[in-house]
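Visitor: I have a structure here, written as structure tokens, and I will follow up with some questions on it.
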Amino acid sequence: MNDQTQIETGTALALPVGTDLTAIFAKPEQVDDMISRIEAEARSHAPDLSTAKGRKAIASLAHTVARSKTTLDAAGKSLTDDARKQIALVDAERRKIRERLDALKAEVRKPLDEWEATEEARIKRLKDALQSLTPAPVQMRDTETITVEIDRIKAISVNDSWAEYQEVADTKKKQSLTDLTQWHEAAKVREDQAAELARLRAEAEERARKDAEEAAAKAEAERQAQAKAEQERLAAEKVEADRIAAKEAEARRIEAEKVEAARREQAERDKADAAERARKQAEEDATRREKEATERHAREMSEAKQREEAAAQRERDRIAEEQRQADAARAKREADQAHRVRIRNEIAEGLKTLDAGNWFALADALIDGKVPHTRVTL
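Residue 222 is where the sequence shown starts when you use the working numbering, and the numbers rise one by one after that.
Next comes the structure, spelled out in structure tokens:
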């Protein structure tokens, strides 16, 4: 039977049908009694928000109250011409029905509305908390900064307070710690390489300085040895040299000084050449090691960037999937609402062709299937 003519019988919210339903508008106290009975029955329901079944029961009860309001209001509209003289009274009762039953519907549904608002706030809080498990972009910083970020994420407790997001939070925390550990290792390698490069440079400079000092000392020792040997030779030959004319002695002295000057000049050149070779060798060694360190660093940075881009792509894919699901749910709700409006309009159009005061004609139309979307089982 069409639910616009009678609420399902056998329930405490059942209403009279036909002329019995219309007749109650002649006596306001009967309307009051009927509304009070509906209110008492609706308020006797103990709301249970802890289960999906309990929440569905609240929504169903609110819907039943709304159907009672629609049925009573429709009955008032269908008064026959003989009852038109009571139209003012009927309109007042209709307003009373709408106002009180709308208020009752809001009262009945209030626990569910409050629960839904609380649930929405809880889910938003959990989603916001998920963002705290995303590490800051610290992969290009030093190990100390990355360690602070690791400690911060480790300190975030993932337990049953996350409810249905616990598994997602646990996975995200593990992934973030894995990424941070990899960044820490890469930063540690960079810092170790920088320290090693500085050490190698210092060692090369120290070796060059020592080599130059050793070369200078060796040259000086050779000069002193040669001078000593020359002095001994001159001493041995001194007796013979005394017999040489003063002019020849002076010539030999001058020649000796020239030889000594040339020798010292050559020694200085040799010392400078040795120092220069040592310096060039140290620079070549340092340049080679620095180039190798730079190439290793470039490879590691490329690998770290690839891991970061992969993590960013996974996050974008997750957000896109959530948006797609939300769009699909909204589209379904809109389609359901449009379908309901179309069915209601088609039923209303079918009823418009009938005589509003002829209940037998309405009954025949329902039996004959002339009212769309309705069926009577005989």
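Note that CB positions come from ideal geometry on N, CA and C, so glycine has one too. Bear in mind that the values here come from a model prediction, so they are computed numbers and not experimental data.
Exposed or buried, which one is S257 when buried takes at least 16 other CB atoms within 10 Å?
Guide: Locating residue 257 in the sequence shown gives position 36, where the first residue counts as 1. Classification for S257: exposed.
Visitor: Going by other Cβ atoms of all chains shown within 10 Å of its Cβ, with 16 needed for buried, is I245 buried or exposed?
Guide: On the sequence shown, position 24 is the one that residue 245 refers to. The residue in question, I245, is buried, as its Cβ has 16 or more Cβ neighbours within 10 Å.
Visitor: For E406, which of T364, E471 and V389 has the nearest alpha-carbon?
Guide: Counting from 1 along the sequence shown, the entry for residue 406 is found at position 185. Cα-wise, what sits closest to E406 is T364.
Visitor: Quick check on DSSP: helix, strand or coil for P249?
Guide: Here residue 249 is taken as the residue at index 28 of the sequence shown, counted from 1. DSSP places P249 in helix when its eight states are reduced to three.
Visitor: Would the stretch 518-528 and the stretch 451-459 be scored as touching if the rule is three or more Cβ pairs under 8 Å?
Guide: Counting Cβ pairs under 8 Å, fewer than three are found: no touch.
Visitor: Can you have a look at A477 and say buried or exposed, based on whether 16 or more other CB atoms are within 10 angstroms of its CB?
Guide: Taking the first residue of the sequence shown as position 1, residue 477 is located at position 256. When all chains shown are included, A477 counts as exposed.
Visitor: Pick out whichever of K409, L293, S265 and A437 has its Cα sitting closest to the Cα of R316.
Guide: Working through the sequence shown from its first residue, we reach residue 316 at position 95. Ranking K409, L293, S265 and A437 by Cα distance to R316 puts L293 first.
Visitor: For P356, which three-state DSSP category applies?
Guide: Within the sequence shown, numbered from 1, the residue matching residue 356 stands at position 135. In this structure, P356 counts as coil in the three-state DSSP scheme.
Visitor: Beta-carbon separation of A472 and A433 under 8 Å?
Guide: Position 251 of the sequence shown, counted from the start, is the residue given in the question as residue 472. Position 212 of the sequence shown, counted from the start, is the residue given in the question as residue 433. Cβ distance not < 8 Å, so A472 and A433 don't count as in contact.
Visitor: Can you tell me whether DSSP reads D363 as helix, strand or coil?
Guide: Your numbering for residue 363 matches position 142 in the sequence shown. Coil.
Visitor: Can you find at least 3 beta carbon pairs, one from the stretch 267-282 and one from the stretch 344-353, that sit closer than 8 Å?
Guide: Verdict: no, contact absent.
Visitor: Examine the Cβ distances between the stretch 411-428 and the stretch 378-392 and report whether three or more of them are shorter than 8 Å.
Guide: No: fewer than three Cβ pairs fall under 8 Å.
Visitor: In whole angstroms, give me the CA-to-CA distance for A416 and K431.
Guide: Translated into the one-based positions of the sequence shown, residue 416 becomes position 195. Translated into the one-based positions of the sequence shown, residue 431 becomes position 210. Going by the C-alpha atoms only, they are around 23 Å apart.
Visitor: P268 to T285, Cα distance in whole Å?
Guide: Taking the first residue of the sequence shown as position 1, residue 268 is located at position 47. Taking the first residue of the sequence shown as position 1, residue 285 is located at position 64. If you take the alpha carbons of P268 and T285, they lie about 15 Å apart.
Visitor: Which class does L572 belong to by DSSP, given the choice of helix, strand or coil?
Guide: Residue numbering aside, residue 572 sits at position 351 when the sequence shown is read from its first letter. Of the three classes helix, strand and coil, the one that applies to L572 here is helix, per DSSP.
Visitor: How many angstroms separate the CA atom of T508 from the CA atom of A419?
Guide: One-based indexing of the sequence shown puts residue 508 at position 287. One-based indexing of the sequence shown puts residue 419 at position 198. When rounded, the distance between both Cα atoms is 12 Å.
Visitor: If you draw a straight line from the alpha carbon of L604 to that of D589, how long is it in whole angstroms?
Guide: Within the shown structure, residues of the chain are numbered from 222 to 599, placing residue 604 beyond reach of any answer.
Visitor: Can you find the residues in the same chain that come closer than 6 Å, C-beta to C-beta, to D391, ignoring five residues on each side of it along the sequence?
Guide: What you label residue 391 is simply residue 170 of the sequence shown in a count that begins at 1. Excluding residues within five positions, the ones whose Cβ falls inside 6 Å are V379.
Visitor: What are the boundary residues of the alpha helix (DSSP H) that includes I279?
Guide: The residue given as residue 279 occupies position 58 in the sequence shown. Here the alpha helix (DSSP H) through I279 covers A273 to K298.
Visitor: Going straight from the alpha carbon of A483 to that of R444, what length do you get?
Guide: In the sequence shown, the residue the question calls residue 483 occupies position 262. In the sequence shown, the residue the question calls residue 444 occupies position 223. Each residue's Cα considered, the two are about 12 Å apart.
Visitor: Alpha carbon to alpha carbon, how far is I568 from L587?
Guide: Here the question's residue 568 lines up with position 347 in the sequence shown. Here the question's residue 587 lines up with position 366 in the sequence shown. Roughly 11 Å between the two C-alpha positions.
Visitor: Is it the case that the Cβ atoms of R528 and D381 are separated by a distance below 8 Å?
Guide: Counting from 1 along the sequence shown, the entry for residue 528 is found at position 307. Counting from 1 along the sequence shown, the entry for residue 381 is found at position 160. Cβ distance not < 8 Å, so R528 and D381 don't count as in contact.
Visitor: Quick one: using the 10 Å Cβ neighbour count with 16 as the cut-off for buried, is A559 buried or exposed?
Guide: Translated into positions along the sequence shown, residue 559 becomes position 338. A559 should be labelled exposed.
Visitor: What are the boundary residues of the alpha helix (DSSP H) that includes E388?
Guide: Along the sequence shown, one-based indexing puts residue 388 at 167. Note, E388: alpha helix (DSSP H), Q387 to A457.
Visitor: Beta-carbon within less than 6 Å of E481's beta-carbon, same chain only, minus the 5 sequence neighbours each way: which residues are those?
Guide: Stepping through the sequence shown from its first residue, residue 481 is reached at position 260. There are no such residues.
Visitor: State the DSSP-derived secondary structure class of I588, mapped to helix, strand or coil.
Guide: Taking the first residue of the sequence shown as 1, we reach residue 588 at position 367. It is helical.
Visitor: Express the C-alpha separation of A436 and A493 in angstroms, rounding to a whole number.
Guide: Within the sequence shown, residue 493 is the residue found at index 272, counting from 1. Within the sequence shown, residue 436 is the residue found at index 215, counting from 1. Rounded to whole angstroms, A493 to A436 spans 9 Å at the Cα level.
Visitor: Look up T595 in the DSSP assignment and say whether it is helix, strand or coil.
Guide: Indexing the sequence shown from 1 puts residue 595 at position 374. Three-state result, T595: coil.
Visitor: Using three-state DSSP, classify P332 as helix, strand or coil.
Guide: Within the sequence shown, residue 332 is the residue found at index 111, counting from 1. Of the three classes helix, strand and coil, the one that applies to P332 here is helix, per DSSP.
Visitor: Nearest to S265 by CA position, among A429, V252, L310 and A283, is which residue?
Guide: Against the sequence shown, residue 265 aligns to sequence position 44. Answer by Cα proximity: A283.
Visitor: Would you call the CB atoms of K290 and L354 closer than 8 Å?
Guide: Counted from its first residue, the sequence shown places residue 290 at position 69. Counted from its first residue, the sequence shown places residue 354 at position 133. It is not a contact, given that the beta carbons lie outside the stated cut-off.
Visitor: Do the CB positions of A499 and A429 come within less than 8 Å of each other?
Guide: Residue numbering aside, residue 499 sits at position 278 when the sequence shown is read from its first letter. Residue numbering aside, residue 429 sits at position 208 when the sequence shown is read from its first letter. Yes, they are a contact pair.
Visitor: On the three-state DSSP scale, how would you describe K348?
Guide: Start at 1 with the first residue of the sequence shown, and residue 348 comes out as number 127. Of the three classes helix, strand and coil, the one that applies to K348 here is helix, per DSSP.
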